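Structure record follows, encoded as structure tokens.
In the working numbering, the protein residues as written are 868 to 1277.
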């Protein structure tokens, strides 16, 4: 474990944001042969820096340990693929990208996003640390280098593939333990007239919607716009636009450029969000002290629902085995005494067990065979998509349940 210092400004960390107890790594799924072996649990304790107000976890494990072999394949979500397609279409049109352009994506996963640039004949290149998911992108014909991104990688990428017109990082910024090295690498690599876009969960929405299950060891940092704007400015990068998205329960898409590139003025959306966050207190330490009790209350209400359902002889099963679900299950102590099993469309997860709680992960067809009374949707951000896919449970009176922001049954 590293010293308790802020990864943004270096100040000492002592102020708790929320303490979720002990939990294993949320993507460390368990094979049947491992069920009787020890598991490592780490503190899931988020701090807020009293100096710069970055919410963060301490680093207990290296990124290499977490991400070199990874269980998350983006292509398994239909709505996420559609989100990527729309993004690509918008970027090509807004920034006039074509055959003479270059797009580089950091943490490009299985090529789910870059494939849409390939379809439009825009040259692209992926940088992805997980060899197993990078191979899926390579199989799609997307040039991909297996490595972690930072300053050293940026200097090497200058020769191949070169400086990008568009540098993308979707849901990677939160995964970076050395935040300053990562942002400095983007500054190094970006073409003088180039654009950076990054998407990440918005701390404002996490707090407003009580999304504590999006806190896990793979996410080292949790950003407000207030904090991320300062972090980029420290490295000579200006955020000139921002969009608020519905993905992952509420995300930001920031648009960055070199501070020296004055051709892209700062938009009204940046000014409005900066002002709104200030009005809500995101630039004041006391705002962050209220979250723990909201989280504890949600845990109690979810357990009350599950206890009442089981006492009534009802069968409850899960849908999905996402990282956020594993935070929820471990924090609330939910095992097979409450959930008979969960299902997932990912072939990679089927036949395995959830980390820590050892709930079996099965094919979605098992729901049709066992006809449960309740389907607890663990990836609640995809609740609309999943409830449409699984509407068949209505035939036997089955009902859906989401745990966040509050327990809801319909």
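Virtual Cβ for every residue (Gly too), placed ideally from N, Cα, C. Since the structure is predicted, the reported quantities are computational estimates derived from the model, not experimental observations.
- Under the three-pair Cβ rule at 8 Å, the region 911-930 does not count as touching the region 947-958.
- Note: residue 982 is not bridge-paired with any residue in the DSSP secondary-structure output.
- Distance from the CA atom of residue 1021 to the CA atom of residue 1096, rounded to whole angstroms, is 21 Å.
- The residue from 1104, 1091 and 1228 with its alpha-carbon nearest to that of residue 1203 is 1228.
- Under the three-state reduction of DSSP output, residue 1013 falls in the coil class, being neither helix nor strand.
- Taking 8 Å as the cut-off, the beta carbon of residue 1268 is found no closer than this to the beta carbon of residue 1249.
- In summary, residue 1114 is buried, with 16 or more beta-carbon neighbours lying within 10 Å of its beta-carbon over all protein chains present.
- Annotated as distal: residue 1124 and residue 1066, with beta-carbon spacing of 8 Å or more.
- Taking 8 Å as the cut-off, the Cβ atoms of residue 1043 and residue 1087 count as close.
- For residue 1150, the secondary structure class from DSSP, reduced to helix, strand or coil, is coil.
- Taking a contact as a CB-CB distance under 8 Å, the pair residue 1001 and residue 1013 counts as one, their CB atoms being some 5 Å apart.
- Of all alpha-carbon atoms in 894, 1156, 881 and 1130, the one lying nearest the alpha-carbon of residue 1224 is that of 894.
- Judged by DSSP secondary structure, residue 1072 falls within the alpha helix (DSSP H) whose first and last residues are 1070-1075.
- Counting every other CB atom within 10 Å of its CB across the protein chains shown gives residue 1247 a total of 16 or more, marking it as buried.
- Its Cα nearest to that of residue 890, the residue 1197 stands out among 1273, 1197, 1251 and 1046.
- The count of Cβ pairs closer than 8 Å, one atom from the region 1254-1265 and one from the region 1155-1168, stays below three, leaving the stretches out of contact.
- A Cβ-Cβ distance of about 7 Å is found for the pair residue 1079 and residue 887, placing them in contact under the 8 Å criterion.
- In this structure the region 1139-1149 touches the region 1061-1075; the number of beta carbon pairs closer than 8 Å is three or more.
- One thing to note: residue 1209 has its Cβ no nearer than 8 Å to the Cβ of residue 1234.
- Between the C-alpha atoms of residue 1188 and residue 1214 there is a straight-line separation of about 12 Å.
- The Cβ-Cβ distance between residue 914 and residue 884 falls below 8 Å.
- For residue 1123, the uninterrupted beta strand (DSSP E) run begins and ends at 1118-1125, by DSSP.
- Of the candidates 992, 904, 967 and 1075, 1075 places its Cα closest to the Cα of residue 1272.
- Contact between the region 1136-1147 and the region 1164-1172 is not established, with fewer than three Cβ pairs separated by less than 8 Å.
- It is roughly 38 Å from the alpha-carbon of residue 1178 to the alpha-carbon of residue 1118.
- With 16 or more other CB atoms across the displayed protein chains lying within 10 angstroms of its CB, residue 974 is buried.
- For residue 954, the uninterrupted alpha helix (DSSP H) segment begins and ends at 945-962.
- For residue 1109, the enclosing beta strand (DSSP E) has its first and last residue at 1104-1112.
- By the criterion of a C-beta distance shorter than 7 Å, residue 1134 is surrounded in its chain by 1107 and 1108, once the five residues flanking it on both sides are discounted.
- If you draw a straight line from the Cα of residue 1004 to the Cα of residue 1194, it comes to about 28 Å.
- Here the C-alpha atom of residue 1176 lies approximately 39 Å from the C-alpha atom of residue 976.
- The criterion of a C-beta distance shorter than 8 Å is satisfied by residue 1222 and residue 892.
- Cβ-Cβ separation between residue 1034 and residue 1063: approximately 5 Å, consistent with a contact (criterion under 8 Å).
- Per DSSP, reduced to three states, the secondary structure at residue 912 is strand.
- When the beta-carbon positions are compared, residue 1018 and residue 1048 come within less than 8 Å of each other.
- In this structure, residue 981 lies near residue 972, with their beta-carbon atoms less than 8 Å apart.
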